[in-house]
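Below is one structure, written out as structure tokens; comments come after it.
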Amino acid sequence: MSETSDSDILMNGEEWFAKNWRLLLNSALMILVGVAGYNWWINSGAESASAAEEELHSAISSNTTNLLQMALELNGVHVKHPKNKVGERALILSANIALQEGEYETAKKRFESYLSEYETDGNWLTEAKIGQAICKEAEGDVKSAINVYQSLTNSISSSISGRSIALLESAKVDLDPLPSRPEPVKEEPEKPNTSKGIELETNIPSPLDPEALDNK
């Protein structure tokens, strides 16, 4: 009974394989292609990250004394490699250098680009928010800057919280207007007091007064 059952299974298996060998072959090929594609993707990503690291290092270690040129090169690294962490780091460095050099419009655009591209998983989101607020304050939009500083004063990071509080206090300081220069007081010369002299003259009898002559 068991021998018959085993032979039936073998015969059925052979028949099933004869009918479905193409399906098995296609499945195996798909698995092989998937594994090969995954390995290629991993290797390609590693090569891209390596190239980005080299370009980032080249931009930072260049002998240029023009920091704005360095910031431009770093921004170029981000443009070429926007999808990896190297490109993200290049963008935030580029924005910070532009801010330090007083290029507020350029820095603000790069901070805004960072916040837009890496809003969900960025490593320097708070840095970008602070930088953007500083640019707005420098351009006269103090109200927007204060709102950002206030939102970051309760940050988990003590350094971010401390910086935000300091920037907030600085932005809220209203300098009193300088006092106007006082006009010099004109000193008038003292007038001689002749009232006493007049009284003396009235009390002194005139030598021609007849009463005075009679008294003598």
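For the sequence shown, the working numbering assigns the number 1053 to the initial residue and increments by one for each residue that follows.
Glycine included, every Cβ here is placed at the ideal spot set by N, Cα and C.
Requested in this report: Determine whether the Cβ of Lys1135 lies closer than 7 Å to any Cβ atom of chain B.
Outcome: Of the protein chains in the structure, only one exists, and it is not chain B.
Query raised in the report: Looking at the unbroken alpha helix (DSSP H) that takes in His1133, where does it start and where does it end?
Result: It is not in any alpha helix (DSSP H) - His1133 carries neither H nor E in the DSSP assignment.
Requested in this report: Name the two residues that bound the continuous alpha helix (DSSP H) containing Gly1214.
Outcome: 1210 to 1224
Query - For Ser1196, three-class secondary structure by DSSP - result: helix
Query raised in the report: Does the beta-carbon distance from Gly1174 to Leu1151 come in below 7 Å?
Result: no
Requested in this report: Identify, in the order they occur along the chain, each residue of the same chain with its Cβ nearer than 6 Å to the Cβ of Ala1142, setting aside the five sequence neighbours on each side.
Outcome: Leu1108, Leu1126, Val1129, His1130
Query raised in the report: Which stretch, first to last residue, makes up the alpha helix (DSSP H) that contains Glu1191?
Result: No alpha helix (DSSP H) holds Glu1191; DSSP gives it neither H nor E.
Query raised in the report: Near Ser1113, which residues of its chain fall below 8 Å by C-beta distance, leaving aside the five closest residues on each side in sequence?
Result: none
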